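So the sequence shown is residues -10 to 211, counted in the numbering used here. Glycine residues also receive a C-beta, built at the ideal position from the N, C-alpha and C atoms. Note that the coordinates shown come from a computational prediction; the quantities given were computed from them, not determined experimentally. Single-structure report; data block below.
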Amino acid sequence: MAIFNRGGRHARAEDTPIPAEAASGATTGPYDVADAPDDVQRLDLGSMQIPAVPGVEVRVQAGPEGVVQQVVLGEGPSTLQLIAVAAPRSEGIWDEVREEVGESLRGQGAQLQEGEGPYGVELLARVPTPNGPVDLRIAGVDGPRWMVQAVFQGPVATTPASAPLLGECLRGLVVDRGNEAKPVKEPLPLHLPKEVAAQGPDGGTATPPDEPRRRPSPRPRS
C-alpha cells in the first residue's frame, strides 16, 4: 500500500511486496527500461521506477504542479537519495560528475576521500551541519544515455550492511531515459504516480501498479 500526503507535497510508499527472487539480492541493476525484468512491482515516477521493497519507505517531494523534485528512500535511520540525469551516447559521465560533486562538498567544508564500491569509485564525505557532522557515501552508475547518482546518508554511508534494503532498491532501480534530446547532466523528468496525480490536491491512497538545467549537488539532510 502506498500512502501519499499531497497536502505537504510529499509521498510515501512502503511495505509493498515484490517477488522473493527479486528481494533476495539477485538483481543486477540499475536497469535501463529496455532491459528491466518485468516481474517486479514498482512505483512509477516517470524516468525512475522504484522497486517496492518491504521495509523501505519512499518519500517523494513534489512542487505545486505535481513535478517531483526529490526522491528519498528510507530504511531505519538511513536514507538514499536518487537522482537520474541525461548523459551522452558515447561515454559515461560519473568521473566528471564526481569531481564536480567533490568541489561542491569541499565548498561546504566537507572532508572527502574516495573508495571502491559495488559500482566503482565512490565519494565518502563528512559534511559539517548545524546539528553536527553528517556522513555521505555517493555512488554513480553510468547507463545508456543516463547516469544515476545515489547519495547514501546515515549509518549506511559508513556501514552498508546496516541498511541492505537500500542497496537492493538501487540494484532494482529502472531508468526510462526517453528519446528526447536533453542537455548532458540535466535531471530526467519525474512526476507523481498517476494514481496520485489524478486525485487532486486533497491527497489520497494509491498502490503501485502490478506492471510495470543542471544536476543538483547533494546536500545532507540534517
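Residue burial classification, residue i (beta-carbon count within 10 angstroms, cutoff 16)
i           : result
residue 56  : exposed
residue 150 : exposed
residue 111 : buried
Residue closest to residue i, alpha-carbon to alpha-carbon, out of the options
i           : options            : result
residue 160 : 171, 166, 179, 138 : 138
residue 175 : 181, 183, 182, 166 : 166
residue 39  : 18, 125, 134       : 18
residue 102 : 92, 113, 136       : 113
residue 180 : 108, 20, 59, 24    : 59
residue 23  : 126, 42, 168       : 168
Inter-residue Cα distance where the pair is residue i and residue j
i           : j           : result
residue 3   : residue 64  : Reliability fails at residue 3, whose pLDDT of 38 lies under 50, so the model's placement of it is uncertain and no value is given.
residue 140 : residue 67  : 11 Å
residue 72  : residue 115 : 20 Å
residue 82  : residue 51  : 27 Å
residue 69  : residue 164 : 16 Å
Boundaries of the beta strand (DSSP E) in which residue i is found, first to last residue
i           : result
residue 114 : 109 to 116
residue 128 : 123 to 132
residue 52  : Residue 52 -> no beta strand (DSSP E), and no H or E assigned at all.
residue 68  : 67 to 75
residue 165 : First-last for residue 165: undefined, no H or E at that position.
residue 33  : 31 to 33
Can you find at least 3 beta carbon pairs, one from the region 66 to 80 and one from the region 88 to 98, that sit closer than 8 Å?
no
Determine contact between the region 29 to 36 and the region 144 to 155, defined as no fewer than three beta-carbon pairs at a distance below 8 Å.
no
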